[in-house]
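Notes follow once the structure below has been shown.
Residue numbers (the numbering used here): 2 to 531.
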């Protein structure tokens, strides 16, 4: 079956017809309509404190026993600045962790040695439009792109990944992602755990064939629901064992999965102590039974093992939840039936996955193997956040419905076009706005939770209404800090307050279920000078 020439690649994704040309990663094609722009060149007036070379290239990694797995990966080198700026993660296909300090001027030369066009997005960072990784800036294989920006973000856990149009999902899935950690004086003064006591925990689910090769699908079901893997990797490895000491640890958890939502908890019922979200530290620690983390969201956890005897074991888990709490719903029921943690759900969301959304998962096993003399202290006050200013009476609120129409997910009834910006998507630099994200779904009860990501600026969640009162994922949300991605659960309406960047230009907002983004659940917004 050959689709007519008038059908676009995006329409094929919406209809799921791309599955006809294969479900392997190699079957993904790029749109011939995209005009790949020339690479940026260094500015003579910009004098960097740090200069890096980042390269994307094909490679392989030992992930499962037996044959190695073909992946795409980032590598990095320091051209100028502290050698500690680039720190590879041992035995992982993930890109190196980049360490920046607030106020540093950074230049990064990105070299694309991939067979397809790509570009890098510095997720969560407030950077000029030319450095944000918009898909219109994607460069062809063999080309370079130069990023220049001053680190304006406060200390926190950020990340970087590709952002080409209609290819973000498969490129991230192949392995292109890495952590970006920012430090500053405010955080340094707290003396939080550092070095070997500051741990990364990047969650990514993947599906493998019998030869240990990654499998990716663009069938209609996988595009509608988001692609789910059969197993969850931590920092590129399946269920690692961490040998830790009787001390305190900071665990930077990043949901790097294409579509999976996690309900994080400790196996022994110890409350989760959250000290940071997407945009850095909370004002005060938050303690709760579990933590809900949608795709692209981050959570910094404090784990105090100082009172545990040597030999103690503990697991970080994703607990079971109802499919309808976060998943595709038709007529109020999860695909394949209700059922907690996958019971009675058939194969649930991600029909090719044997690990349905909401199934319980053991992520990391921790064993206390040695004694350290330490008296860890978690400060009662962590940081100073700008207060949320209640909107003035009659202040305009931009409502953005999240809908399912014409076999695809949409933002405000619109689909992505490379340069298209509506009047209500144009804002003045430095202005403060209220956006209302309304998850209204579509015909026949089509409904799904959406993690909505705003490029270029952190925001505050100021209200959450609607949704099911029995939704256990809601109890795990941490909305009190700075965010760049907010999980809008089924039937919910979430209000965010954002003070837009002072950098003018074209930026993006989109669903961070990457298959939804590639389908077109993404829009531009433009910042204009005041």
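Positions of the beta carbon are idealized from the N, C-alpha and C atoms, including for glycine.
Can you tell me whether residue i is helix, strand or coil according to DSSP?
i           : result
residue 214 : coil
residue 530 : coil
residue 454 : strand
residue 153 : coil
residue 316 : strand
residue 285 : strand
residue 517 : helix
residue 305 : strand
residue 112 : strand
residue 446 : helix
residue 136 : helix
residue 437 : strand
residue 52  : strand
residue 249 : strand
residue 373 : coil
Rounded to whole angstroms, what's the CA-CA distance from residue i to residue j? Just pull it up for me.
i           : j           : result
residue 53  : residue 107 : 8 Å
residue 205 : residue 264 : 14 Å
residue 513 : residue 374 : 42 Å
residue 254 : residue 281 : 12 Å
residue 414 : residue 309 : 53 Å
residue 334 : residue 75  : Legend: pLDDT at residue 334 = 41, less than 50; position of this residue unreliable, no value from coordinates given.
residue 406 : residue 224 : 14 Å
residue 528 : residue 507 : 7 Å
residue 301 : residue 251 : 7 Å
residue 449 : residue 438 : 13 Å
residue 316 : residue 233 : 14 Å
residue 97  : residue 320 : 30 Å
residue 49  : residue 494 : 42 Å
residue 123 : residue 441 : 30 Å
residue 94  : residue 149 : 26 Å
residue 381 : residue 325 : 37 Å
residue 509 : residue 523 : 7 Å
residue 322 : residue 156 : 32 Å
residue 91  : residue 57  : 18 Å
residue 109 : residue 55  : 7 Å
residue 262 : residue 285 : 25 Å
residue 295 : residue 454 : 11 Å
residue 81  : residue 129 : 21 Å
residue 318 : residue 359 : 12 Å
residue 400 : residue 227 : 24 Å
residue 420 : residue 465 : 31 Å
With a cut-off of 8 Å on the beta carbons, I'd call residue i and residue j a contact; round off their distance for me.
i           : j           : result
residue 118 : residue 165 : 5 Å
residue 283 : residue 260 : Their Cβ separation, rounded to whole angstroms, is 27 Å, which puts residue 283 and residue 260 out of contact at 8 Å.
residue 247 : residue 369 : 6 Å
residue 235 : residue 51  : Between residue 51 and residue 235 the Cβ distance is about 28 Å, and since that is not below 8 Å, they are no contact.
Give the single residue among the options whose Cα lies nearest to the Cα of residue i.
i           : options               : result
residue 293 : 501, 502, 472 and 527 : 472
residue 297 : 511, 524, 521 and 529 : 511
residue 1   : 493, 163, 159 and 152 : Any question about residue 1 goes unanswered here, given that the chain covers just 2 to 531.
residue 520 : 527, 484 and 418      : 418
residue 231 : 245, 243 and 216      : 216
residue 173 : 143, 115 and 198      : 115
residue 167 : 531, 525 and 515      : 515
residue 397 : 434, 267 and 85       : 434
residue 147 : 176, 221 and 44       : 44
residue 291 : 475, 91, 72 and 498   : 475
residue 410 : 431, 422 and 444      : 444
residue 306 : 267, 328 and 326      : 267
residue 379 : 63, 420, 361 and 277  : 277
residue 158 : 135, 102 and 220      : 102
residue 105 : 121, 408 and 152      : 152
residue 390 : 424, 446, 461 and 503 : 461
residue 144 : 99, 42, 429 and 504   : 42
residue 386 : 81, 46, 179 and 484   : 484
residue 73  : 275, 402, 237 and 133 : 237
residue 428 : 492, 505 and 46       : 505
residue 63  : 137, 359, 176 and 81  : 176
Is residue i close to the ligand SAM? I mean its beta-carbon at under 6 Å from any heavy atom of the ligand.
i           : result
residue 477 : The ligand SAM is not part of this structure, which contains no ligands at all.
- prompt: Counting only runs that start and end within the segment 56-83, where is the alpha helix (DSSP H) found for 4 or more residues in a row?
  reply: none
field: Runs of alpha helix (DSSP H) lying entirely within the segment 170-231, each at least 4 residues, in chain order
entry: 186-189 and 221-226
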